[in-house]
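Just below is one structure, and these are the notes that go with it.
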Amino acid sequence: MANGQAQVYERDYEWLLTRSRTAYEILSVDKLKREQCTSSVIRKAYRKKALELHPDKNRSANAEVEFREVSVSYMVLSDTELRTRYDDYLGRIEEREQVKHAILGEKERLKKDLLNNEELYRGDQDRKLRRERKLAMLHSEFEQKKREKIEEGLRKQDDRGFGKGSGSTYKLSRKVRVKWKNRPELAGSINEEVIRRLMGVFGEIESVRMSSSNKPNEKYHYSTVVYVSPVSSALACVHDYSKTDSLWDELGIRKLASLLRSAKLQGYEDVELSREEKGGLSFDDYVGLSTMKLADRLLSKGK
Numbered sequence: 008m009a010n011g012q013a014q015v016y017e018r019d020y021e022w023l024l025t026r027s028r029t030a031y032e033i034l035s036v037d038k039l040k041r042e043q044c045t046s047s048v049i050r051k052a053y054r055k056k057a058l059e060l061h062p063d064k065n066r067s068a069n070a071e072v073e074f075r076e077v078s079v080s081y082m083v084l085s086d087t088e089l090r091t092r093y094d095d096y097l098g099r100i101e102e103r104e105q106v107k108h109a110i111l112g113e114k115e116r117l118k119k120d121l122l123n124n125e126e127l128y129r130g131d132q133d134r135k136l137r138r139e140r141k142l143a144m145l146h147s148e149f150e151q152k153k154r155e156k157i158e159e160g161l162r163k164q165d166d167r168g169f170g171k172g173s174g175s176t177y178k179l180s181r182k183v184r185v186k187w188k189n190r191p192e193l194a195g196s197i198n199e200e201v202i203r204r205l206m207g208v209f210g211e212i213e214s215v216r217m218s219s220s221n222k223p224n225e226k227y228h229y230s231t232v233v234y235v236s237p238v239s240s241a242l243a244c245v246h247d248y249s250k251t252d253s254l255w256d257e258l259g260i261r262k263l264a265s266l267l268r269s270a271k272l273q274g275y276e277d278v279e280l281s282r283e284e285k286g287g288l289s290f291d292d293y294v295g296l297s298t299m300k301l302a303d304r305l306l307s308k309g310k
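Take the sequence shown: its position 143, counted from the start at 1, is 150 in the working numbering, and no numbers get skipped.
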């Protein structure tokens, strides 16, 4: 495979990972077992979907995107190497969901146990202390089991060389420096709350702080936005602010959004990580870092 073609395949593969449905769902073969999704089955499903969603027949506003989803899904699932990578990726997602459901199920069971015990002790003032001790014990038991489930899931992910990081402690910076054009006639209109609304389209925000160096007569003003997830900070940084976008239409602040000029991730350096270092990343870190690196590659090719 030529290097240029390989790069095109890689871009399409990364794009497929951002879709809300899996390649199997897009081709409507998700009800089948993976081993049943042979090359002939995938090819037949692709032809059916391609005829159904071809832009010449599909008049929906998303026709081109829908057809691209079908084409890229077929490309990935019909390529042995790409399909193996993709199935491994889906496997990691499924493992995370299983751990999550196991924890939630354990929490629900403990809650029922707690309610049953409260019924037994209700109305008996002499047993008040025993009930409080039972509550503490159940809480401790739940926390212990939750840690065990999380550690079990992370050990499985570690075997694949990915995702050793905690879901609540991130290594990729969540702090973004936002730059916008200062308009004297809008003095006072852009404050922390407005910045929170503008940048909140990329994800939940933890805090916003206006730069103390902003001066009324300066051409540009700045603020620091801290996101809850590094995925959100990465999305904010790779967005092209030079183009008017419909992201803010429903918020009624598109005019203010047109003043935005850039968002820079604080403390980010485009460096290559070893397998061991990648293994220390949380899932959000991995997605955020992949987004930044993909944007860097596309930017360097466009120069």
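Using N, Cα and C, we set each Cβ at its ideal position, and we do this for glycine too. Note that the coordinates shown come from a computational prediction; the quantities given were computed from them, not determined experimentally.
Exercise. Is the stretch 71-78 in contact with the stretch 53-62, if contact means three or more CB pairs nearer than 8 Å?
Worked result: Touching, per the Cβ criterion.
Exercise. CA-CA distance, E17 and K222?
Worked result: Their backbone Cα atoms lie some 45 Å apart in a straight line.
Problem set entry | Beta-bridge partners of Y229, as assigned by DSSP | When DSSP reads this structure, Y229 sits in a beta bridge with K186.
For this session: Tell me whether the beta-carbon of C244 lies closer than 7 Å to the beta-carbon of A264.
Result: Their beta carbons are not under 7 Å apart, which means C244 does not touch A264 by this criterion.
For this session: With DSSP as the reference, label E211 as helix, strand or coil.
Result: Looking at E211 - three-state DSSP - the assignment turns out to be coil, as it is neither helix nor strand.
Problem set entry | Cα-Cα separation, K51 to F209 | When rounded, the distance between both Cα atoms is 38 Å.
Problem set entry | Contacting residues, own chain, Cβ-Cβ under 7 Å from Y93 (five flanking each side not counted) | Taken in chain order, the residues that qualify are A30 and V83.
For this session: Going by DSSP, name the residue or residues bridged to A270.
Result: V185.
Exercise. If you drop the 5 nearest sequence neighbours on each side, which residues of the same chain put their C-beta closer than 8 Å to that of S67?
Worked result: Excluding sequence neighbours, S67 sits near E73.
For this session: Evaluate contact between the stretch 196-213 and the stretch 234-242, counting only Cβ atoms and requiring at least three cross-stretch pairs below 8 Å.
Result: Below 8 Å, enough C-beta pairs join the stretch 196-213 and the stretch 234-242 to call them touching: three or more.
Exercise. By Cβ distance, which residues of its chain are closer than 7 Å to I100, with the 5 residues on each side in sequence left out?
Worked result: Closer than 7 Å at Cβ, skipping near neighbours: no residue.
For this session: State yes or no: is the C-beta of N189 within less than 7 Å of the C-beta of Y227?
Result: With contacts defined as CB atoms closer than 7 Å, N189 and Y227 qualify as a contacting pair.
Exercise. Do you know offhand how far M206's Cα is from L122's?
Worked result: Those two C-alpha atoms are separated by around 43 Å.
Exercise. So, helix, strand or coil for R216, using DSSP?
Worked result: The answer is strand: DSSP assigns R216 an E or B state.
Exercise. Nearest to Y81 by alpha carbon, out of S46, Y234 and L296?
Worked result: Of the residues S46, Y234 and L296, the one whose Cα lies closest to the Cα of Y81 is S46.
Exercise. Taking the alpha carbon of E32 as the point to measure from, which residue in V215, W22 and Y53 has its own alpha carbon closest?
Worked result: Measuring from the Cα of E32, the nearest candidate turns out to be Y53.
Problem set entry | N-terminal and C-terminal residue of the alpha helix (DSSP H) that I202 is part of | That run of the alpha helix (DSSP H) goes E199 to M206.
For this session: Would you kindly work out how many angstroms separate the C-alpha atoms of L97 and L24, rounded to a whole number?
Result: L97 and L24 have their alpha carbons spaced roughly 9 Å apart.
Exercise. Can you list, in chain order, the residues of its chain whose CB lies under 8 Å from that of V183, leaving out five sequence neighbours each side?
Worked result: Closer than 8 Å at the Cβ level, and outside the excluded window around V183, lie M206, T231, V232, V233, Y234, S240, A243, C244, A270, K271, L272 and Q273.
Exercise. Sorted by chain position, which residues of the same chain lie with C-beta nearer than 7 Å to V215's C-beta, five sequence neighbours on each side aside?
Worked result: Taken in chain order, the residues that qualify are E199, I202, R203, S230 and V232.
Exercise. First and last residue of the alpha helix (DSSP H) that includes K250?
Worked result: Note, K250: premise wrong, no alpha helix (DSSP H); not H, not E.
Exercise. For R181, which of L39, N65 and V294 has the nearest alpha-carbon?
Worked result: Checking every option, the nearest Cα to that of R181 belongs to V294.
Exercise. Grouping DSSP H, G and I as helix and E and B as strand, with all else coil, what is E17?
Worked result: The three-state reading of DSSP puts E17 in helix, counting H, G and I together.
Problem set entry | Closest by C-alpha distance to D247, when choosing among S219, V185 and M217 | For D247, the closest alpha carbon among the candidates S219, V185 and M217 is that of V185.
Problem set entry | Assumed close pair L117, Y20 - CB separation to whole angstroms, cut-off 8 Å | In this structure L117 is not in contact with Y20, their Cβ atoms being roughly 42 Å apart against a cut-off of 8 Å.
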